[in-house]
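Worksheet: one structure, shown below.
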Amino acid sequence: MQRQGPAPVTGSGVPPQPSAGDREVDERRAVAGQGTGEPPRPVARRFGRALRSPDTLNLVPLLAAAALWLWALPRIDFRDIAEFGLLDRFPLTFYVALAVLTCGFVLSLRRAGTAPLWPATYCAAMLVALKAPPAILYDTVRYAWASKHDAIISRLLDEGTVHPGRELSGGMSAYDQWPGFFSLDAALVRAFGVDAAASFINWAPVALGLLTVPVLILVYRTFSDDWRLVWTGVWIFQLANWVGQDYLSPQGFSYLLYLTVFAVVVRHFVLPGSAGPLRDRSTLDPAAAAVPPPTTTRQRAVAVLILLPVIATINASHQLTPIMLCATLFALCLTRRYRNIGLLVTSGLVMLAWNLTMGRELFLDTLGTLREKAGDLLGNSRPGFAGDPTGPGPELVGSANILMVLALGGLAVAAVLLRRKLVRSALPLALAAAAPLPMFAVNDYGGEMIFRVYLFGLPGSAFFAAAALVPAAGAVSRAAVTARRIAAVALPVTLVAMLAGFLPSYYGKEGMHYAPPGETALTRRAFDRAPEGALILAATGAFPDAYYRYDHYERWFFTEQEVDENLRMLKDPASYLAGGIPAGRPAYVILTRTQGEAVIGEGYLPEGGFDSLRGALKRSPLFQVVEENTYGVVLRYRPTTGG
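Counting along the sequence shown from 1, when you hit position 188 you're at 736 in the numbering used here, and nothing is skipped either side.
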């Protein structure tokens, strides 16, 4: 190799400096990567690699979906809801944003084991995208029962205590007998320094959803080492959770606590010597996790003491969730792994103690209905009180609900049949999914038992549905390769289909869930106008502020009965209602636009029945119009003028 000699020097000893023109040429050459003696600068190559990096591929759909969603949000025309709820009020970009999120989530599953932050981010983003619009946009409380709970919290704040023995109309005494959840919310109102729970009530679905995700991860990771399966299970759970029990309610709160207890039990209550071959990797499904380490009797006893306040809080907050908890713990006792009689007995005793003390009155009333309801499987599994919903929107919602249940159940059954090794290790999840089913033989829970059974069976069903869509990794057999190819198409298609089912199920009846401020103001003026102790009549209680100052008035929601009786009522509404008003009792009728949506959506009245009812009462001499506007009408009963 020839050695390069020193650079020539001038007489001053300074190397010759290039001219300005030479420098310009060198800069152009450097940019082009030639003529400088140095390798070309890989700026473009680095930029290209950055664009193709896994993190960028995960980030781009997320940013695109966020931009589309934020653009669509102010264009959601929620103030003009028609028969399809918000479905035809969402702009196209809203639906595109959800589709892009779904595609991004599927892409993020490729590295779910090494980069779990991306699937987690997508799950949180989808939850916010689906359930945050009402919290951001609505100027009133969404969902009539949420406003009911706001009224209960406000009363608790005003009076500072509960009155479990006090009789209140409409079953409202039960809320004083199970005040745990409302006491917590009253404390939150004080802590936040706000006037009422209405200021944060619409955010409950988002908050409860985000709190549920880590608990679900704990449960699913107990039975699977495959992060793809875990995150897909969480995603399906979110899309399948359309039953509307995640609002600010005792059910939503106690359900989170129920899942917490279940997570602790399946992770820390394994009996010694009970796992058998379920810790041998060769006997497990490739996606299955080994059974958690066993715990000693002393450790389980300590765990029971730790769980005791949580179980007590569940019992102080809700009537049905403690029964579902006991049913699930009993189902777990059917396996040798989780035969913890002590925890089951403790949960049962706490439930019995509460029911015989604070909740004694409602508990005894419920026992009195068992003779009529017990064993009536068809009647107890019927949704609602009335007949079939009428109108294109409610009918679409009913069809979507059925298809969602069939899709989820079909996928779960397919996984149970095709992945038996996974079922063996995840048997507790399968038993937990089946544990609520016997409730159909006990009671109808006010026409909601079918929804509660579905809700409590959902964690297990979602896990096995995900197992049907996410084949085991690593297997090299021809069948395994074929399954992976099918899943590459089936997974995104199924998730998009479930998203399409969630939207009508959750937002298809939004006309009965959103009431404009003018309707709320009309309702409150009607209550304030009525003297204390008056009888307030409304077609249904499914309208905001239906329980405003509920301890000062009696209420009669006169269409919440069998359809045949409502048809008889429609023949002469004025005489029918007058016959149910006690002599000498001042009475007012409130009929609002939201009620009109509710009685059709719930099937209480046939199509056009609400308008017929309102017109008949306005024409009758037995009722006088006190106030009427575009949001509704208020009438006063005046028995001296007729009848």
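Idealized CB from N, CA, C, for every residue including glycine.
| Asked | Found |
| --- | --- |
| N- and C-terminal bounds of the beta strand (DSSP E) containing Arg1103 | Glu1102 to Phe1105 |
| Gln786 (DSSP reduced to helix, strand or coil) | helix |
| Leu705 vs Val737 beta-carbon contact at 8 Å | yes |
| Residues of its chain near Pro1187, where Cβ-Cβ distance is below 6 Å and the 5 sequence neighbours each way are ignored | none |
| Ordered list of alpha helix (DSSP H) runs contained in the stretch 1088-1136, each at least 4 residues | 1111-1119 and 1121-1127 |
| Sub-8 Å separation of Val990 and Leu918 beta-carbons | yes |
| Cβ pair Lys921, Asp828 closer than 8 Å | no |
| Given 8 Å, three or more beta-carbon pairs between the stretch 898-917 and the stretch 953-973 | no |
| Helix, strand or coil at Gln793 [DSSP, three-state] | coil |
| Alpha carbon of Ser929 to alpha carbon of Gly995, nearest angstrom | 8 Å |
| According to DSSP, residues forming a beta bridge with Glu1175 | Val1182 |
| Beta carbon of Asp698 nearer than 8 Å to that of Val689 | yes |
| Cβ-Cβ separation, Phe748 to Phe740 (assumed contact under 8 Å), whole Å | 7 Å |
| Spatially closest choice to Phe642 from Trp619, Leu657 and Ile629, by CA coordinates | Trp619 |
| Every unbroken alpha helix (DSSP H) inside the stretch 1032-1068 [4 residues or more] | none |
| CB of Gly652 within 8 Å of CB of Pro609, strictly | yes |
| Spatial distance of Trp751 from Ala683 (CA atoms) | 5 Å |
| Glu575 in three-state terms, based on DSSP | In this prediction, Glu575 has a pLDDT of 47, which is less than 50 and means its spatial position is unreliable; nothing more can be read from the coordinates. |
| Opening and closing residue of the beta strand (DSSP E) in which Leu904 lies | Per DSSP, Leu904 belongs to no beta strand (DSSP E) and is neither H nor E. |
| Straight-line gap, Ala982 to Phe1171 (C-alpha atoms, nearest Å) | 52 Å |
| Rounded C-alpha distance that separates Ala630 from Ala745 | 28 Å |
| Proximal residues to Ile998 (C-beta, below 6 Å), its chain only, five neighbours per side dropped | Ser929 and Pro931 |
| Coil, strand or helix - Gly800 by DSSP | helix |
| Residue range of the beta strand (DSSP E) that includes Ala1086 | Leu1083 to Ala1086 |
| Residue of Trp775, Val761 and Gly1151 minimising C-alpha distance to Arg659 | Trp775 |
| Spatially closest choice to Phe1004 from Leu977, Phe638, Leu892 and Thr1030, by CA coordinates | Leu977 |
| Three-way DSSP call (helix, strand, coil) for Gly583 in this model | Caution applies to Gly583, whose pLDDT of 46 falls short of 50 and renders its modelled position unreliable; the value that the coordinates give is listed next. Three-state DSSP puts Gly583 in coil, outside helix and strand. |
| Inter-residue spacing [alpha-carbon to alpha-carbon] between Ile889 and Phe988 | 25 Å |
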